[in-house]
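Okay, structure first, notes after.
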Amino acid sequence: MQELVVQLAKIKTDLEKKLNHPFLGKHLPSPVIDEDKLLLLYAIFDEMDLSDELKEHYIITAMLVQIALNTHDDVSTKNDINSQEFFERQLTVLAGDYFSGLYYLVLSEVKDIDMIKVFALAIKEINEHKIKLYHEDESKELSILESLEVVETSLFKRITQYYKLDFHRLLASKFLIYKRLSHEKFHSYDKGILPFSYLTKACSELVEETTLLLNDSTFKNPEIKKLLVKRLHAIQFYESLHDNNAVEEGL
9 MQELVVQLAK
19 IKTDLEKKLN
29 HPFLGKHLPS
39 PVIDEDKLLL
49 LYAIFDEMDL
59 SDELKEHYII
69 TAMLVQIALN
79 THDDVSTKND
89 INSQEFFERQ
99 LTVLAGDYFS
109 GLYYLVLSEV
119 KDIDMIKVFA
129 LAIKEINEHK
139 IKLYHEDESK
149 ELSILESLEV
159 VETSLFKRIT
169 QYYKLDFHRL
179 LASKFLIYKR
189 LSHEKFHSYD
199 KGILPFSYLT
209 KACSELVEET
219 TLLLNDSTFK
229 NPEIKKLLVK
239 RLHAIQFYES
249 LHDNNAVEEG
259 L
């Protein structure tokens, strides 16, 4: 597993170098890199007969898309803000646009028009469902769940559909929506968009389905499976820790 961890660390370092901008870095926090998404992208592209350099290109490109989308989510919509907050809001918009431009640049280096179309379609779907979530009636639980799933998994679904990797599409979808709903449980008592009881039931089902998929999985590199199982257990641990705290506090 150590070799895989080293490879992932290298890709993460290369991604951080691309994300580094002296002016933005001086005024804004560094973008968060989701290491689970990085691992899942590695698992997907590792199945393909591509050079290591090309695999890294695609992984970094997909992560840049994800980070650009996440950065735009951080843009404040408050009206009553001071000059410093206004400055930071404008910079956050600029950072999201900058990261978006980076992914086009990386793809242009490998001259892959088809993959640009794949990413563009995923971005369109994700943005549509983010808008839908913003306006959704809280009582429409299934609709909210559907939109959350699109937001978290569309990028992975589109890539795996393009390469006809059906198993990886299903695994990434289950893993990522479980992680998102597990995260939502932490906010279900203040600003959560789904009830705690609903999230608990959904998480229980999703973690069981994800575990079964991993148990039945076969990867080119068996260390990927071990690391995915380890990450799934870590998410479960933090979820159960939160649940225990919630019970103790009588929430």
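Numbering-wise (this note's numbering), the sequence shown opens with residue 9 and increments by one. We put the CB at the ideal spot given by N, CA and C, even for glycine.
Check                                                                                                                                                           : Outcome
Out of curiosity, what's the CA-to-CA distance linking Leu163 and Tyr111?                                                                                       : 13 Å
Can you tell me whether DSSP reads Glu55 as helix, strand or coil?                                                                                              : coil
Counting along the chain, where does the alpha helix (DSSP H) carrying Asp22 start and finish?                                                                  : 10 to 27
Does DSSP put Phe204 in a helix, a strand or coil?                                                                                                              : helix
Roughly how many whole angstroms lie between the Cα atoms of Asp54 and Ile232?                                                                                  : 9 Å
Quick one: what's got a C-beta closer than 8 Å to Ile68's C-beta in the same chain, skipping five residues either side?                                         : Ile19, Asp22, Leu23, Lys26, Val114
Helix, strand or coil for Phe175? Go by DSSP, reduced to three states.                                                                                          : helix
His241 by DSSP, collapsed to three states: which one?                                                                                                           : helix
Give the secondary structure of Pro39 by DSSP, where H, G and I count as helix, E and B as strand, and everything else as coil.                                 : coil
I want to know whether the stretch 208 to 219 touches the stretch 170 to 185 - three or more CB-CB distances under 8 Å.                                         : yes
Cα-Cα, which of Glu247, Lys138, Tyr50 is closest to Val13?                                                                                                      : Tyr50
For Lys165, which residues of its own chain have a beta-carbon under 8 Å away from its beta-carbon, when the five flanking residues on both sides are left out? : Ala130, Arg177, Ala180, Ser181
Can you check which of these residues, Ile139, Lys125, Lys209, is closest to Val73 by C-alpha distance?                                                         : Lys125
Along the alpha helix (DSSP H) that carries His143, what are the first and last residues, could you check?                                                      : 121 to 143
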